[in-house]
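Visitor: Residue numbers (this note's numbering): 3 to 353.
Provided herewith is a single structure, encoded as C-alpha cells, for subsequent inquiry.
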Ligand code: UDP
Ligand code: MG
C-alpha cells in the first residue's frame, strides 16, 4: 500500500502536499494561507537530552532568553516553556533539570525510564506537551542549531504553516560527520524514504500536526519522514549550524546507520524490489552461461569444468544470503510492529 494514499484514522488530510524544496529557499507549499488569529501562541521547546549535563544549563538559559524576547514582543504567550526530555541519561542530566525547574517554572521536564533513542525521546516530548501548547519547536540539547530562527519559524506558523522545517546552511561539524550524514542522507533519498534535504530534527509543528502523528501507531516512527507524510502546509527556513559546545556527539556511526535503515525500511520497499530485479538478472545471467556451455559442448571443445562449477556456487550463495538479509530486515520490522510495545515509558514528569 502506498503511503500517499494511506488513511490516517480520524485525521483529516488537507489536499495540499509538501513538494521538495531545495535548501535555502523558503516558500509556501499550500495553496491557501490560513493566517492564524492575533492571540500569541503558547510555544513549547522540546529538547531531547542524553548525557548532556555539560551543556543543558547554558542551553536552557539561551532558550529562556529567546522565550523572554518573543514574549516581550508579543509573539508568544507568557506561558511558553522549555521541556527537557531525559532519554535515560547516566550522568547528572536529570539532577540539573530538577535544579533548573526549581529556579524557573518555565523549565519543565520528563524523565524516561531508559534510553529509547532520539526519535522516541522526541515523540515522548511532542506527545507530552501537546495539551499545553499551540505549537512546538524541537531542538538539540547541544544547541548546534541557531535558536534565533525560532522567531522566523513563528512568523511562518502565524502565517498558517503547520510544519516549519529548519534546513542546514553549511555546518560546523567535522569532515567525517559531514561525510557520514551526507552518505546516509543520499542513500535514504535513493531508496525512496521521504525526507527534506538538509533537515534533521529542528522544526516547528502545530498542535494539529502532533495530533496527526499520534495517529501513526507504528513502533518504528521516523519523525522526519512522518511529518512530510502528513501533508500539512509546510515551510522551509534555513539556519546555520554551530559546533557542539561541550560533550560529544551521541550519534555515532552505529546510531546513524540504524536511523538510516529505519528511515528506509519504514518508508520504502525499494530494497525489496531491488532484490527481485537482482534475482532476475542473476537468473538471466545463469541462463546465458548455460547456453554458452551447451554451445561449446555441442561443438566438442568442452571447457574445463572447475571454474564453471565453483564460481556460480559462490556467486549465487553470496547473492542469496545477502538478499535473505534484506528480506529479514523487513520481517524484523513486522515482528517489532506486531508486538506493539510502548515506544517509551515515562518515569517522572516535572510540570
Ligand atoms: N539524543 C537522545 N538520545 C539518544 C541520542 C541522542 O536524546 O539516544 C539527543 C542528544 O542529547 C542531543 C540530540 O539528541 O540533544 C542530538 O544528538 P547529538 O548532538 O549527540 O548528535 P549529532 O548532533 O551529532 O547528530
Ligand atoms: Mg549535535
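Note that CB positions come from ideal geometry on N, CA and C, so glycine has one too.
Computed from a predicted structure; not experimentally measured.
Is it the case that the Cβ atoms of residue 69 and residue 78 are separated by a distance below 8 Å?
Guide: Stepping through the chain shown from its first residue, residue 69 is reached at position 67. Stepping through the chain shown from its first residue, residue 78 is reached at position 76. Cβ atoms of residue 69 and residue 78: closer than 8 Å.
Visitor: Near residue 346, what residues of its chain come up, given a Cβ to Cβ distance below 6 Å and the 5 sequence neighbours on each side ignored?
Guide: Reading the chain shown from its first residue, position 344 is the one you call residue 346. Contacts found: 114, 118, 122 and 126.
Visitor: So which of 287, 310 and 276 has the shortest CA-CA distance to residue 326?
Guide: Indexing the chain shown from 1 puts residue 326 at position 324. Ranking 287, 310 and 276 by Cα distance to residue 326 puts 276 first.
Visitor: Can you look up residue 346 in the DSSP assignment and give me helix, strand or coil?
Guide: Numbered from its first residue, the chain shown carries residue 346 at position 344. Three-state DSSP puts residue 346 in coil, outside helix and strand.
Visitor: Run the proximity test for residue 246: is its beta-carbon closer than 7 Å to any non-hydrogen atom belonging to ligand 2?
Guide: Indexing the chain shown from 1 puts residue 246 at position 244. Yes, the beta carbon of residue 246 sits closer than 7 Å to at least one heavy atom of ligand 2.
Visitor: Considering only their Cβ atoms, is the gap separating residue 318 from residue 216 smaller than 8 Å?
Guide: To locate residue 216, count along the chain shown from 1; it is residue 214. To locate residue 318, count along the chain shown from 1; it is residue 316. No, they are not a contact pair.
Visitor: When every heavy atom of ligand 1 is checked, does at least one fall within less than 7 Å of the C-beta of residue 127?
Guide: The count along the chain shown starts at 1 and reaches residue 127 at position 125. Outside the cutoff, so no.
Visitor: Give the DSSP bridge partners of residue 46, in chain order.
Guide: In the chain shown, counting from the first residue as 1, residue 46 sits at position 44. Looking at the DSSP assignment, residue 46 forms a beta bridge with 83 and 138.
Visitor: Can you give me the Cβ contacts of residue 252 inside the same chain, cut-off strictly under 6 Å, excluding the 5 residues immediately before and after it?
Guide: Looking up residue 252 in the chain shown gives position 250. Answer for residue 252: 52, listed in chain order.
Visitor: Can you list the beta strand (DSSP E) stretches of 3 or more residues lying completely in the region 97–131, in chain order?
Guide: For the region 97–131, whole beta strand (DSSP E) runs of length 3 or above, ordered along the chain, are 109–114.
Visitor: Going along the chain, which residues of its own chain have a beta-carbon closer than 7 Å to the beta-carbon of residue 149, five neighbours each way excluded?
Guide: If you number the chain shown from 1, residue 149 lands on position 147. Around residue 149: 64, 65, 68 and 141.
Visitor: Considering only the beta carbon of each residue, do residue 170 and residue 229 sit closer than 8 Å?
Guide: Numbered from 1 along the chain shown, position 168 holds the residue referred to as residue 170. Numbered from 1 along the chain shown, position 227 holds the residue referred to as residue 229. Cβ distance not < 8 Å, so residue 170 and residue 229 don't count as in contact.
Visitor: Flag residue 200 as yes when its Cβ comes closer than 7 Å to any non-hydrogen atom of ligand 1, and as no otherwise.
Guide: Within the chain shown, residue 200 is the residue found at index 198, counting from 1. False, no ligand heavy atom lies under 7 Å from that Cβ.
Visitor: Quick one: Cα of residue 95 to Cα of residue 261, how far?
Guide: By one-based count along the chain shown, residue 95 stands at place 93. By one-based count along the chain shown, residue 261 stands at place 259. So the alpha carbons of these two residues sit roughly 24 Å apart.
Visitor: Between 97, 73 and 343, which has its C-alpha nearest residue 223's C-alpha?
Guide: The residue given as residue 223 occupies position 221 in the chain shown. Nearest C-alpha to residue 223: 343.
Visitor: Which residues bound the alpha helix (DSSP H) around residue 156?
Guide: By 1-based counting over the chain shown, the position of residue 156 is 154. 152–160 is the extent of the alpha helix (DSSP H) around residue 156.
Visitor: Using C-beta distances below 8 Å, list every residue in its chain close to residue 26, excluding the 5 sequence neighbours before and after it, in chain order.
Guide: Working through the chain shown from its first residue, we reach residue 26 at position 24. With a pLDDT of 38 at residue 26, under the threshold of 50, the predicted position of this residue should be treated as unreliable, and no value is reported.
Visitor: What are the boundary residues of the alpha helix (DSSP H) that includes residue 220?
Guide: Locating residue 220 in the chain shown gives position 218, where the first residue counts as 1. Run containing residue 220: none; DSSP gives neither H nor E here.
Visitor: Under a three-way DSSP split, which group does residue 41 fall into?
Guide: Position 39 of the chain shown, counting from 1, holds the residue named residue 41. In this structure, residue 41 counts as coil in the three-state DSSP scheme.
Visitor: Got a sec, what are the start and stop residues for the alpha helix (DSSP H) residue 204 sits in?
Guide: Here residue 204 refers to the residue found at position 202 when the chain shown is read from its first residue. No alpha helix (DSSP H) contains residue 204, which is instead part of the beta strand (DSSP E) from 201–208.
Visitor: Taking residue 278 and residue 335 to be in contact with their CB atoms under 8 Å, please state how far apart those CB atoms are, rounded to whole angstroms.
Guide: Counted from its first residue, the chain shown places residue 278 at position 276. Counted from its first residue, the chain shown places residue 335 at position 333. Not really, about 18 Å apart at Cβ, beyond 8 Å.
Visitor: Tell me whether residue 2, by its Cβ, gets closer than 7 Å to a heavy atom of ligand 1.
Guide: In the structure as shown, the chain starts at 3 and stops at 353, and residue 2 therefore has no counterpart that could be examined.
Visitor: In terms of residue numbering, what span does the alpha helix (DSSP H) encompassing residue 265 cover?
Guide: Within the chain shown, residue 265 is the residue found at index 263, counting from 1. That run of the alpha helix (DSSP H) goes 255–269.
Visitor: Using only CA atoms, which one of 263, 112 and 157 lies nearest to residue 183?
Guide: Residue mapping note: residue 183 aligns to position 181 of the chain shown, counting from 1. Minimum Cα distance to residue 183 is reached at 263.
Visitor: Tell me the DSSP bridge mates of residue 51?
Guide: Residue 51 sits at position 49 when you count from the first residue of the chain shown. Answer is 88, bridged to residue 51.
Visitor: Could you pull the DSSP bridge partners for residue 191 from this structure?
Guide: Stepping through the chain shown from its first residue, residue 191 is reached at position 189. Residue 191 pairs with nothing; no bridge assigned.
Visitor: Quickly, what does DSSP pair residue 352 with across the bridge? List them, please.
Guide: By one-based count along the chain shown, residue 352 stands at place 350. Residue 352 is bridged to 111.
Visitor: Do you know how far the Cα of residue 108 is from the Cα of residue 81?
Guide: Numbered from 1 along the chain shown, position 79 holds the residue referred to as residue 81. Numbered from 1 along the chain shown, position 106 holds the residue referred to as residue 108. When rounded, the distance between both Cα atoms is 8 Å.
Visitor: Residue 101: buried (16+ other C-beta within 10 angstroms of its C-beta) or exposed?
Guide: Reading the chain shown from its first residue, position 99 is the one you call residue 101. Exposed: under 16 other Cβ atoms inside 10 Å.
Visitor: Kindly indicate which three-state DSSP category residue 73 falls into: helix, strand or coil?
Guide: Residue mapping note: residue 73 aligns to position 71 of the chain shown, counting from 1. Helix at residue 73.
Visitor: Alpha carbon to alpha carbon, how far is residue 45 from residue 136?
Guide: Against the chain shown, residue 45 aligns to sequence position 43. Against the chain shown, residue 136 aligns to sequence position 134. Whole-angstrom Cα-Cα distance: 6 Å.
Visitor: Return the first residue and the last residue of the alpha helix (DSSP H) that residue 289 is part of.
Guide: Here residue 289 corresponds to residue number 287 of the chain shown, with the count starting at 1. Here the alpha helix (DSSP H) through residue 289 covers 272–301.
Visitor: DSSP three-state call for residue 316: helix, strand or coil?
Guide: By one-based count along the chain shown, residue 316 stands at place 314. Three-state DSSP puts residue 316 in a helix.
Visitor: Between the C-alpha atoms of residue 22 and residue 154, what's the straight-line distance to the nearest angstrom?
Guide: Residue mapping note: residue 22 aligns to position 20 of the chain shown, counting from 1. Residue mapping note: residue 154 aligns to position 152 of the chain shown, counting from 1. With a pLDDT of 39 at residue 22, under the threshold of 50, the predicted position of this residue should be treated as unreliable, and no value is reported.
Visitor: Kindly indicate which residue of 265, 250, 289 and 270 has the alpha-carbon position closest to the one of residue 54.
Guide: Within the chain shown, residue 54 is the residue found at index 52, counting from 1. The residue with the shortest Cα to Cα distance from residue 54 is 250.
Visitor: Taking the continuous alpha helix (DSSP H) assigned at residue 170, which residues delimit it?
Guide: Position 168 of the chain shown holds residue 170. Premise fails: residue 170 lies in the beta strand (DSSP E), 165–170, not in any alpha helix (DSSP H).
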